[in-house]
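Reviewing the structure listed below.
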Amino acid sequence: MKPAPSDPPSASLLEPASADDHVCWGGGQRHPASHELWVKDLSVSYRETRALEHVNLHSRCGRSVALVGPNGAGKSTLIKTMAGIVKPDDGEILWRGRRLDGTSREIAYLPQRSEVDWLFPVTVRGLVEMGRYPVVGWWGAYRRHDKDIVDRALETMQLTDLQNRQIGALSGGQQQRTFIARALAQEAHVLILDEPFTGLDKPAQEQLCQLFGELTAEGRLLVASHHELGSVAPIFDEVLLLRRHVVAFGPVEEVFTPSNIEETFGTV
Numbered sequence: 000m001k002p003a004p005s006d007p008p009s010a011s012l013l014e015p016a017s018a019d020d021h022v023c024w025g026g027g028q029r030h031p032a033s034h035e036l037w038v039k040d041l042s043v044s045y046r047e048t049r050a051l052e053h054v055n056l057h058s059r060c061g062r063s064v065a066l067v068g069p070n071g072a073g074k075s076t077l078i079k080t081m082a083g084i085v086k087p088d089d090g091e092i093l094w095r096g097r098r099l100d101g102t103s104r105e106i107a108y109l110p111q112r113s114e115v116d117w118l119f120p121v122t123v124r125g126l127v128e129m130g131r132y133p134v135v136g137w138w139g140a141y142r143r144h145d146k147d148i149v150d151r152a153l154e155t156m157q158l159t160d161l162q163n164r165q166i167g168a169l170s171g172g173q174q175q176r177t178f179i180a181r182a183l184a185q186e187a188h189v190l191i192l193d194e195p196f197t198g199l200d201k202p203a204q205e206q207l208c209q210l211f212g213e214l215t216a217e218g219r220l221l222v223a224s225h226h227e228l229g230s231v232a233p234i235f236d237e238v239l240l241l242r243r244h245v246v247a248f249g250p251v252e253e254v255f256t257p258s259n260i261e262e263t264f265g266t267v
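Laid out in structure tokens, this is it:
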């Protein structure tokens, strides 16, 4: 089992970078390489049943992390806790040295398709525009700058021609791409994605894989649950093997050993 990471730097060391610091630029904003996400000794329960036990994880902007494990291992629970949707029993999540006690405008969340009400009356563009709400507020002014960001997110995910269509009328892959576009419109430093490749055809999966590379090159941190072992290495930099506790965490080539895989995918 991977030991818990050492303590993160103090908040003062993780303030926005100065002009001399190394930063990556993307989506009209900078993503300092020093921005780090820490999950420290995290435990979560559902109805008095432990879903996660003492989970530790540490990564930074410019990296991509896959959460891998069998059904019931706690992947979605960890995703939702990191996104600020589920409250932990114990432990904490730190972003830029500060404890997160709820959702953050700097962290975007992409839910599983099965959790979305696809009959909700909203267009593709309307859903993507919701990504601006954490930035401008629910009642804030929607400016030309915000429109340009939404336009760029739609174009990136090849949804411009579908922007006036109701989300319930889309194919599964198009619906998934719409939620990814909403996350891009938020311009978050961190994207937390629950099974983002589910429902995508092969060309869309290849597009998303390329997009992951572009987002990390810009300096964003991506954390995604993933179920296909064979495609982890080409897409992600790091992998966390989860079985309600952390079996192993680190670079894919170091973590994907026969013993770690066997321990992870035994009977949960």
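Note that the sequence shown covers residues 0 to 267 in numbering that gives the first Met the number 0.
The beta carbon of each residue, even a glycine, is placed where N, CA and C say it ideally should be.
Values in this document were obtained by computation on a predicted structure and should not be read as measured data.
Cβ-Cβ distance between T76 and A50 below 7 Å: A contact, by the Cβ cut-off of 7 Å.
The region 180-189 / the region 147-163 touching (three or more Cβ pairs under 8 Å): Yes, the region 180-189 is in contact with the region 147-163.
Alpha-carbon to alpha-carbon, Y132 and R143: Going by the C-alpha atoms only, they are around 14 Å apart.
Backbone secondary structure at K201 - three-state DSSP: K201 carries a helical assignment under DSSP once its states are collapsed to helix, strand and coil.
C-alpha gap between H21 and A216, whole angstroms: Because the pLDDT at H21 is just 35, under 50, the model does not fix this residue reliably, and the value given afterwards should be weighed accordingly. A straight-line Cα-Cα distance of about 13 Å links H21 and A216.
Endpoints, the alpha helix (DSSP H) within which N55 is located: Note, N55: premise wrong, no alpha helix (DSSP H); beta strand (DSSP E) at 48-59.
Status (buried if at least 16 other CB within 10 Å, exposed otherwise) for Q209: Exposed.
Contact between the region 109-121 and the region 63-71 (3+ Cβ pairs under 8 Å): A contact between stretches requires three or more CB pairs, one per stretch, nearer than 8 Å, and the region 109-121 fails this requirement with the region 63-71.
Nonlocal neighbours in the same chain, by C-beta distance under 7 Å from Q28, ignoring five residues either side: With a pLDDT of 48 at Q28, under the threshold of 50, the modelled position of this residue cannot be trusted; read the value that follows with caution. Once the five neighbours on either side are set aside, the close Cβ partners of Q28 are E186.
Residue from P233, Q111, D236, H57 with nearest C-alpha to E91: Closest option to E91, Cα to Cα, is H57.
Residue environment, D263, which counts as buried when at least 16 other CB atoms sit within 10 Å: It should be pointed out that residue 263 corresponds to Thr in this sequence rather than to Asp. Classification for T263: buried.
Helix, strand or coil at V149 according to DSSP, with G and I counted as helix: DSSP places V149 in the helix class (H, G or I) of the three-state scheme.
Same chain, Cβ closer than 6 Å to A232, five either side skipped, listed in chain order: Answer for A232: V251, listed in chain order.
Presumed contact (8 Å Cβ cut-off) between V43 and D88, rounded CB distance: The C-beta distance from V43 to D88 rounds to 6 Å, short enough to fall under 8 Å.
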